[in-house]
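Chemist: Throughout the sequence shown, residue numbering follows mature numbering (1 follows the signal peptide of the UniProt record, and there is no 0), covering -19 to -1, 1 to 86 in sequence.
Here a beta-carbon is modelled for each residue, glycine too, at the ideal position from N, C-alpha and C.
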Amino acid sequence: MRKVIGTGLLLWLALPALAHDPDSHEREIHQASELVPWCRQEAEARYTARGETTYQWSASYSDRGNTLSVEGRLRVEGRDVKVECRIARGARERHASISVADPKG
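(1) Could you have a look at threonine 35 and say whether DSSP puts it in helix, strand or coil?
(2) Considering only residues of the same chain and omitting the five flanking positions on each side of alanine 82, which have a CB-CB separation below 6 Å?
(3) Using the beta-carbon count (16 or more within 10 Å), is arginine 8 buried or exposed?
(4) May I have the straight-line CA-CA distance separating threonine 35 from serine 41, to the nearest angstrom?
(5) Among the residues of its own chain, which have a CB less than 6 Å from the CB of valine 17, if the five just before and after it don't count?
(6) Could you tell me how far apart the beta carbons of isoleucine 68 and leucine 49 are, in whole angstroms, since I believe they sit closer than 8 Å?
(7) Between which two residues does the alpha helix (DSSP H) carrying residue 94 extend?
(8) Label arginine 21 either buried or exposed according to how many other C-beta atoms from any shown protein chain fall within 10 Å of its C-beta, with 16 as the threshold for buried.
(9) Using DSSP's beta-bridge definition, name the partner residues of glutamate 7.
(10) Pop quiz: glutamate 23 and valine 57 are said to be a contact at Cβ under 8 Å. What is the actual Cβ separation, rounded to whole angstroms?
As structure tokens, then:
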């Protein structure tokens, strides 16, 4: 009985560390095509949070050495917004960067 309780206690103590591991559910990005959906979601989220409607996403992607890039265009409330995203090959998505050039400001 003591072994069962001891094993259960060890598992219970380890669970918080496993549950809060920030790397456990985060993707690594190895190809530029894998960055496209992240880039779109991040750009759309910025405008959705401001209550603006987004539609008509288009993008192209490339890689140069270890840098993966996406150049996209998002239609927001009747205007075209330029979106650029970059990440180092093999990096976790939290390390990606996004730049949004909106004519509205």
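Modeler: Taking the definition as stated:
(1) As a first step, residue 35 must be located in the sequence shown, where it is residue number 54. Threonine 35 falls in the strand class under three-state DSSP.
(2) In the sequence shown, counting from the first residue as 1, residue 82 sits at position 101. Excluding the 5 residues flanking it on each side, alanine 82 has same chain C-beta neighbours closer than 6 Å at Lys63, in chain order.
(3) As a first step, residue 8 must be located in the sequence shown, where it is residue number 27. With fewer than 16 Cβ atoms within 10 Å of its Cβ, arginine 8 is classed as exposed.
(4) As a working note, residue 35 is residue 54 in the sequence shown. As a working note, residue 41 is residue 60 in the sequence shown. Threonine 35 and serine 41: Cα-Cα distance of roughly 18 Å.
(5) Counting from one through the sequence shown, the residue named residue 17 turns up at place 36. Around valine 17: Ala40, Tyr42 and Val51.
(6) The sequence position of residue 68 within the sequence shown is 87, counting from 1. The sequence position of residue 49 within the sequence shown is 68, counting from 1. Their Cβ separation, rounded to whole angstroms, is 5 Å, which keeps isoleucine 68 and leucine 49 in contact under 8 Å.
(7) No statement about residue 94 is possible, as the shown extent of the chain runs from -19 to 86 and does not include it.
(8) Here residue 21 corresponds to residue number 40 of the sequence shown, with the count starting at 1. So arginine 21 ends up on the buried side.
(9) Locating residue 7 in the sequence shown gives position 26, where the first residue counts as 1. Looking at the DSSP assignment, glutamate 7 forms no beta bridge with any residue, so it has no partner.
(10) As a working mapping, residue 23 is identified with position 42 in the sequence shown. As a working mapping, residue 57 is identified with position 76 in the sequence shown. Contact doesn't hold; Cβ gap of about 14 Å is too wide.
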